[in-house]
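Numbered according to my numbering, the sequence shown spans residues 46 to 122.
Glycine included, each C-beta is placed from N, C-alpha and C at the ideal position.
Written below as structure tokens is the structure these notes are about.
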Amino acid sequence: MQNLNLEKTMSAWSLIADTVFVPRTEQEYDQLVTLLDSLIDQVGENESHPLASMMDVIGVLIENYETQFVPELDEAA
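Structural data, given as structure tokens:
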């Protein structure tokens with residue numbers, strides 16, 4: 046496993062923190078959905094694309110938000 050260089054990570058994180066984040070509001074959720082749509086258009090199914098893992102992470106963040114805040118269709122009916 047690679048050693049985690051926190052200084053380097055903090056520097057890189059500051060560049061993307063406004064893009065990759067845990068959504069806490071519907072507006073932030075919508076922002077991530079828009080980003081995921083753009084990533085899907087760019088990456089497609091190319092697992093070796095440089096942004097493929099970012100697309101996976103954004104998908105998980107969206108899924109977690111939906112699990113917590115979006116009722117299932119069966120529950121809403």
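Chain-order list of residues whose beta-carbon lies under 7 Å from that of residue i (same chain, five-residue window excluded)
i, result
"G104", "L81"
Span of the alpha helix (DSSP H), counted from its first residue to its last, around residue i
i, result
"S56", "51-61"
"E117", "That residue, E117, is in no alpha helix (DSSP H); it is neither H nor E in DSSP."
"E73", "71-88"
Cβ-based neighbour list, residue i, same chain, cut-off 8 Å, excluding 5 preceding and 5 following
i, result
"I107", "P68, Y74, L77, V78, L81"
"L96", "L84, Q87, V88"
When the options are compared against residue i, the one with the closest alpha-carbon
i, options, result
"V102", "N50, E117, E52, I61", "I61"
"M100", "L84, Y110, E111, V115", "L84"
"N109", "F66, L96, P95", "F66"
Backbone secondary structure at residue i - three-state DSSP
i, result
"S98", "helix"
"N109", "helix"
query: Counting pairs of beta carbons, one from the stretch 58-73 and one from the stretch 86-93, are three or more of them closer than 8 Å?
result: With a cut-off of 8 Å, the stretch 86-93 and the stretch 58-73 do not count as touching, because too few Cβ pairs lie within range.
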